[in-house]
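For reference, the structure is listed below as structure tokens.
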Amino acid sequence: MAIGYRLQSNPLVGKLTTKYFLPLGTRQVGDDVVFFNFGYEEDPPMGLTLAASDEPNRYCIQLYHVTASQVDLTGKKVLEVSCGAGGGASYIMRNLGPASYTGLDLNPASIDKCRERHQLSGLEFVQGDAQNLPFPDESFDAVINVEASHQYPNFPGFLQEVARVLRPGGHFLYTDSRRAPVVAEWEAALAGAPLRKISERDIDKEAKRGLDANTRRTQQQISGRLPGFMNSLIRYGVGVLDWDLRRSGGFSYRVYHFAKD
Numbered sequence: 454m455a456i457g458y459r460l461q462s463n464p465l466v467g468k469l470t471t472k473y474f475l476p477l478g479t480r481q482v483g484d485d486v487v488f489f490n491f492g493y494e495e496d497p498p499m500g501l502t503l504a505a506s507d508e509p510n511r512y513c514i515q516l517y518h519v520t521a522s523q524v525d526l527t528g529k530k531v532l533e534v535s536c537g538a539g540g541g542a543s544y545i546m547r548n549l550g551p552a553s554y555t556g557l558d559l560n561p562a563s564i565d566k567c568r569e570r571h572q573l574s575g576l577e578f579v580q581g582d583a584q585n586l587p588f589p590d591e592s593f594d595a596v597i598n599v600e601a602s603h604q605y606p607n608f609p610g611f612l613q614e615v616a617r618v619l620r621p622g623g624h625f626l627y628t629d630s631r632r633a634p635v636v637a638e639w640e641a642a643l644a645g646a647p648l649r650k651i652s653e654r655d656i657d658k659e660a661k662r663g664l665d666a667n668t669r670r671t672q673q674q675i676s677g678r679l680p681g682f683m684n685s686l687i688r689y690g691v692g693v694l695d696w697d698l699r700r701s702g703g704f705s706y707r708v709y710h711f712a713k714d
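Under the numbering used here, residue 714 is the last one in the sequence shown; the count climbs by one each step, no gaps.
Below, the structure written as structure tokens:
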């Protein structure tokens, strides 16, 4: 199952959410929740071929696929920063051929769930901070980051860390969104990173389709499973994000490919 929502907020709210609400939510929603992103769908539909076990998470998997498949990951050593519930890590490891895949997340409850659920050869999960990555310099061929960086208090610091752990010739495969008032700040941080931009694509419409599909599925599947305040939080978050996406210029959602020279 996929949860296609999240609250964009200031760094303090993001830190409190990660420290308190996400561990609680992770433990409450159950083992079948393996994604926490908007999702992605094209028009006509993308039609990505999936295993039957992956089909319930189609829209979230498609977002991971379009992000990670910007380069050939076959035989590569890959790091995902903010891996969440590990669904993307599992999909990429099973389908895109990396030699190894490390999923890192600040939420210890998520890491515990990942280790229990996603037991694949070459796949490991580590608890740690995106802005202080616990890895040596030049450790990875690719770094993946999906719909998480809006919560980092020090986004430029995160980009510095990505560049540090990437090997020369390595790739940063990245997708996220920002509200209109902070898009210029976002762009400036990306332009100032010690990485070379290969490509950039707006996926506002595709993310909106994914959000709509995931919202319907999520509300049907977990509405009776969470405490009342968590259900209210979901309804509020989905409503705010849907409003932001509908209003003109409310959101900019993009997928990027950067390289380290």
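Every residue gets a Cβ at the ideal spot worked out from N, C-alpha and C, and that includes glycine.
Since the model is a prediction, treat every value here as computed from it, not as a measurement.
- DSSP places residue 580 in the uninterrupted beta strand (DSSP E) bounded by 576–580.
- Beta-bridge annotation (DSSP): residue 629 is paired with 707.
- Spanning the alpha carbons of residue 580 and residue 562 requires a straight line of approximately 9 Å.
- Excluding residues up to 5 positions away in sequence, 511, 514 lie with their Cβ nearer than 8 Å to the Cβ of residue 503 in the same chain.
- The DSSP-derived three-state label of residue 611 is helix.
- Non-local C-beta neighbours of residue 642 in its own chain, meaning closer than 7 Å and more than five positions away in sequence, comprise 608, 609, 612, ordered along the chain.
- Taking residue 517 as reference, the option from 494, 606, 557 with the minimal CA-CA separation is 494.
- Here residue 638 is not bridged, per DSSP, to any residue.
- Measuring C-alpha to C-alpha distances from residue 530 to each of 575, 506, 559, 498 identifies 575 as the nearest.
- In the three-state scheme derived from DSSP, where H, G and I count as helix and E and B as strand, residue 624 is classed as strand.
- Annotation for residue 534: 557, 583, 598 place their beta carbon closer than 6 Å to its own, counting only its chain and skipping 5 residues before and after.
- Exclusion of the five residues before and after residue 546 leaves 554, 573, 576 as the residues of its chain whose Cβ lies within less than 6 Å of its Cβ.
- Non-local C-beta neighbours of residue 595 in its own chain, meaning closer than 7 Å and more than five positions away in sequence, comprise 524, 526, 529, 531, 623, 624, 626, ordered along the chain.
- DSSP, read as helix, strand or coil, puts residue 516 in helix.
- At the C-beta level, residue 639 and residue 631 come within 8 Å of one another.
- Boundaries of the alpha helix (DSSP H) harbouring residue 566: 561–570, taken from the DSSP string.
- The residue among 658, 615, 669, 663 with its C-alpha nearest the C-alpha of residue 645 is 615.
- Residue 543 is classed as buried because its beta carbon has at least 16 other beta carbons within 10 Å across all chains shown.
- When DSSP states are grouped into helix, strand and coil, residue 555 belongs to the strand group.
- For residue 545, the uninterrupted alpha helix (DSSP H) segment begins and ends at 540–548.
- As computed with DSSP, residue 649 is found in a beta bridge with 712.
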